[in-house]
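For reference, the structure discussed in these notes is given below.
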Amino acid sequence: MRIRLAFLGLLAGLAGLTLSAPAQAESLGWHLRNACDLMPAVSEGKTLSPEEFGYANECLGYFEALIESQAYLNDHGRKPIFCYPPNVSAYESGVAFVDWVNAQPVLLNGKAVNAALTYMAQRHPCK
121 MRIRLAFLGL LAGLAGLTLS APAQAESLGW HLRNACDLMP AVSEGKTLSP
171 EEFGYANECL GYFEALIESQ AYLNDHGRKP IFCYPPNVSA YESGVAFVDW
221 VNAQPVLLNG KAVNAALTYM AQRHPCK
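First residue of the sequence shown? That's 121 in our numbering, and the numbers climb one at a time after it.
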């Protein structure tokens, strides 16, 4: 049941990125980066608009869903794309993703999932 919820969360996160992307034709990669860029403001207790707060939570949900989907693959004998250490939070991944993806601007012009999975695979490779 937990895995189904994680999968549904991933689908909802992907749908949210598509439905809530700003109208100025921002790519999904840029949208995820901008959403994750708001996460430190939430943890620092800064006042955000409801839209900004929603974007920050969208980033957190996106990385939570990626982590859960990889755990599902691992638990079912399939090779995961990345191996996530239990001592790193989805929040930490989202915040670190911003710095990483800013150094990889070519990834921002494509799909958010490609940028996020490339980041996770490089940051947390399976041994």
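Ideal placement from N, C-alpha and C gives every residue a C-beta, glycine not left out.
Less than 9 Å between the C-beta atoms of residue i and residue j, yes or no?
i: phenylalanine 217; j: arginine 153; result: yes
i: tyrosine 204; j: alanine 191; result: yes
i: alanine 232; j: histidine 151; result: yes
In its own chain, which residues sit with a C-beta less than 8 Å from the C-beta of residue i, not counting the 5 before and 5 after it?
i: lysine 199; result: Leu193 and Cys246
i: leucine 180; result: Met159, Ala210, Tyr211 and Gly214
i: histidine 244; result: Phe202, Cys203, Tyr204, Pro205 and Val208
i: glutamate 172; result: Leu158 and Ala161
Compute the Euclidean distance between the alpha carbons of residue i and residue j, then round it to the nearest angstrom.
i: leucine 160; j: tyrosine 175; result: In the sequence under discussion, the amino acid at residue 160 is proline, which differs from the leucine named in the question. Looking at the two C-alpha atoms, the distance is approximately 12 Å.
i: leucine 158; j: asparagine 229; result: 20 Å
i: threonine 238; j: serine 169; result: 30 Å
i: glycine 165; j: cysteine 156; result: 15 Å
i: proline 206; j: aspartate 219; result: 22 Å
Leaving out five residues before and five after residue i in sequence, what residues of the same chain have Cβ atoms less than 6 Å from its Cβ?
i: phenylalanine 183; result: Ala210, Ser213 and Gly214
i: valine 162; result: Ala176
i: alanine 235; result: Gly149, Val221 and Leu227
Just mark residue i as buried or exposed, buried being the case when its beta carbon has 16 or more other beta carbons within 10 Å.
i: valine 226; result: exposed
i: leucine 223; result: Note on identity: in this sequence residue 223 is alanine, with leucine being the wrong assignment. So alanine 223 counts as exposed.
i: glutamate 178; result: buried
i: histidine 196; result: exposed
Could you tell me whether the Cβ of residue i comes closer than 9 Å to any Cβ of chain C?
i: histidine 196; result: This model lacks chain C altogether; it includes just one protein chain.
Given residue i, which residues of its chain have a CB within under 7 Å of its CB, disregarding the five upstream and five downstream residues?
i: isoleucine 187; result: Tyr204 and Ala210
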